[in-house]
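Step one of this worksheet: look at the structure below.
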Amino acid sequence: MQADFAVELGADDPHLEVPWVSPDGRSRYYDLKQRPELLLQIAEASRNREMGEFLTAINSPGCMLESAKCDTWLSNELNEEELIFGASWKFGSYVDLIFADCRPRLVFTAHENFAGRICGLLKRAPEISAAAEFIIRRCYYQAEVMSTTSAAGPQEGFYFTLYLSGYGDDEDEARQRWGIGLKLAENALLQLSAKHRRGADQTTPEATGAATYPFA
């Protein structure tokens with residue numbers, strides 16, 4: 727499975743605010759970590775069983791991440807880099823992910839190292855016509871979701887956007903491979919979270935008294 731990560735922190739690059747509300751007020755951020763029953767409010771999870779299962783797993787207590795936003799789509803327009811799959815269709819999705827722990831949300835190296843390790847795991851997954859890309863972007867966290875700080879205004883930090891695409895000769899095949907790819911990503915994220923809980927991926931701070939963040 728193809729997997730890679732990139733960094734987009736330019737002034738014109740996409741960014742996220744947490745919590746968020748759409749301009750028309752019809753969609754918003756739901757804290758599924760604390761209130762998993764709100765999954766029923768997310769249309770993408772209702773339309774796609776695979777997305778619902780992914781969001782359930784990522785927002786479970788055992789995962790060090792949580793979801794903030796998502797979408798899915800079907801397209802027969804492939805860019806030049808996607809032609810290597812020899813497919814006519816792709817089923818794609820994105821999920822915005824943030825650390826469940828407030829502290830590493832503000833640490834770039836925590837995101838960079840995590841992205842590198844998760845991509846390393848996915849590259850060892852079975853070969854399939856699917857691709858995953860983690861993009862590190864800027865996020866503005868409101869005080870209400872940052873329980874470790876007393877700052878009144880939003881704090882500038884980071885988040886991941888996971889793009890996952892499956893490719894096939896028809897719509898059904900593309901969607902099936904997307905579902906398999908999404909499950910592989912889910913398993914890798916849970917595996918890395920389990921390693922972190924056991925302390926296997928905790929690095930020792932070089933400076934005396936420095937905070938120890940996951941993957942920092």
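Its first residue numbered 727, the sequence shown is counted upward by one per residue in the working numbering.
The C-beta atom is built at its ideal place from N, Cα and C for all residues, glycine as well.
Assuming contact is defined by CB atoms lying nearer than 8 Å, are Leu742 and Asp827 in contact in what I supplied? Mapped onto the sequence shown, residue 742 falls at position 16. Mapped onto the sequence shown, residue 827 falls at position 101. The answer is no: Cβ separation not under 8 Å.
Closer than 8 Å is the cut-off here; do at least three beta carbon pairs connect the stretch 857–864 with the stretch 743–758? These segments do not touch.
Is it true that the stretch 904–922 meets the stretch 771–791, where meeting means three or more beta-carbon pairs spaced less than 8 Å apart? At 8 Å Cβ cutoff, the stretches touch.
I need the boundaries of the beta strand (DSSP E) containing Cys828, first residue and last residue. Position 102 of the sequence shown, counting from 1, holds the residue named residue 828. Taken as a continuous stretch (DSSP letters only), Cys828 belongs to no beta strand (DSSP E), as it is neither H nor E.
Distance, Leu766 Cα to Ala732 Cα: Looking up residue 732 in the sequence shown gives position 6. Looking up residue 766 in the sequence shown gives position 40. Whole-angstrom Cα-Cα distance: 32 Å.
Is Phe817 near Gly925, with beta carbons less than 8 Å apart? Here residue 817 refers to the residue found at position 91 of the sequence shown. Here residue 925 refers to the residue found at position 199 of the sequence shown. Gly925 is positioned such that its CB atom lies no closer than 8 Å to that of Phe817.
Taking just the CA atoms, how far does Pro852 sit from Asp903? Translated into the one-based positions of the sequence shown, residue 903 becomes position 177. Translated into the one-based positions of the sequence shown, residue 852 becomes position 126. The residue asked about is misnamed: residue 903 is Arg in this sequence, not Asp. Cα-Cα distance, rounded: 12 Å.
May I ask which residues mark the beginning and end of the alpha helix (DSSP H) holding Glu853? Here residue 853 refers to the residue found at position 127 of the sequence shown. Neither: Glu853 is in no alpha helix (DSSP H) and is coded neither H nor E.
By alpha-carbon positions, which one of Phe886, Leu764, Arg863, Gly778 ends up nearest to Ile844? Within the sequence shown, the letter at position 118 stands for residue 844. Looking only at Phe886, Leu764, Arg863, Gly778, the smallest Cα-Cα distance to Ile844 is reached by Phe886.
Distance, Cα to Cα, His837 vs Glu899? Here residue 837 refers to the residue found at position 111 when the sequence shown is read from its first residue. Here residue 899 refers to the residue found at position 173 when the sequence shown is read from its first residue. Between the C-alpha atoms of His837 and Glu899 there is a straight-line separation of about 33 Å.
For Ala794 and Ala920, what's the separation of their Cα atoms in angstroms? As a working note, residue 794 is residue 68 in the sequence shown. As a working note, residue 920 is residue 194 in the sequence shown. Their Cα atoms are separated by approximately 21 Å.
Among Phe834, Ile854, Ile906, Ser873, whose alpha-carbon lies nearest the alpha-carbon of Glu734? The residue you call residue 734 lines up with position 8 of the sequence shown. Ranking Phe834, Ile854, Ile906, Ser873 by Cα distance to Glu734 puts Phe834 first.
Going by the CB atoms, is the gap between Leu800 and Glu897 shorter than 8 Å? Counting from one through the sequence shown, the residue named residue 897 turns up at place 171. Counting from one through the sequence shown, the residue named residue 800 turns up at place 74. For the pair Glu897 and Leu800, the CB atoms are nearer than the 8 Å cut-off.
Could you compute how far the alpha carbon of Leu764 sits from the alpha carbon of Ala771? Counting from 1 along the sequence shown, the entry for residue 764 is found at position 38. Counting from 1 along the sequence shown, the entry for residue 771 is found at position 45. Using only the alpha carbons, I get a separation of about 11 Å.
Where Ala841 falls, given that 16 or more other Cβ within 10 Å makes a residue buried: Taking the sequence shown and counting its residues from 1, the one referred to as residue 841 is at position 115. Ala841 comes out buried.
Per-residue DSSP class, three states only, for Cys845: On the sequence shown, position 119 is the one that residue 845 refers to. In the three-state reduction of the DSSP assignment, Cys845 falls in the helix class.
At the level of alpha carbons, what is the spacing between Leu910 and Leu848? Taking the first residue of the sequence shown as 1, we reach residue 910 at position 184. Taking the first residue of the sequence shown as 1, we reach residue 848 at position 122. As the crow flies, the alpha-carbon of Leu910 is around 7 Å from that of Leu848.
Could you work out which residue in Tyr889, Leu832, Asn839, Ile906 is closest to Met872 when comparing CA atoms only? In the sequence shown, the residue the question calls residue 872 occupies position 146. The residue with the shortest Cα to Cα distance from Met872 is Leu832.
Which of the three DSSP states is assigned to Gln728 in this structure? Position 2 of the sequence shown, counted from the start, is the residue given in the question as residue 728. It is a strand residue.
In whole angstroms, give me the CA-to-CA distance for Trp815 and Tyr889. Here residue 815 refers to the residue found at position 89 when the sequence shown is read from its first residue. Here residue 889 refers to the residue found at position 163 when the sequence shown is read from its first residue. Cα to Cα, the separation comes out at about 16 Å.
Met790 versus Val744: straight-line alpha-carbon distance, rounded: Residue numbering aside, residue 790 sits at position 64 when the sequence shown is read from its first letter. Residue numbering aside, residue 744 sits at position 18 when the sequence shown is read from its first letter. The alpha-carbon separation between Met790 and Val744 amounts to approximately 17 Å.
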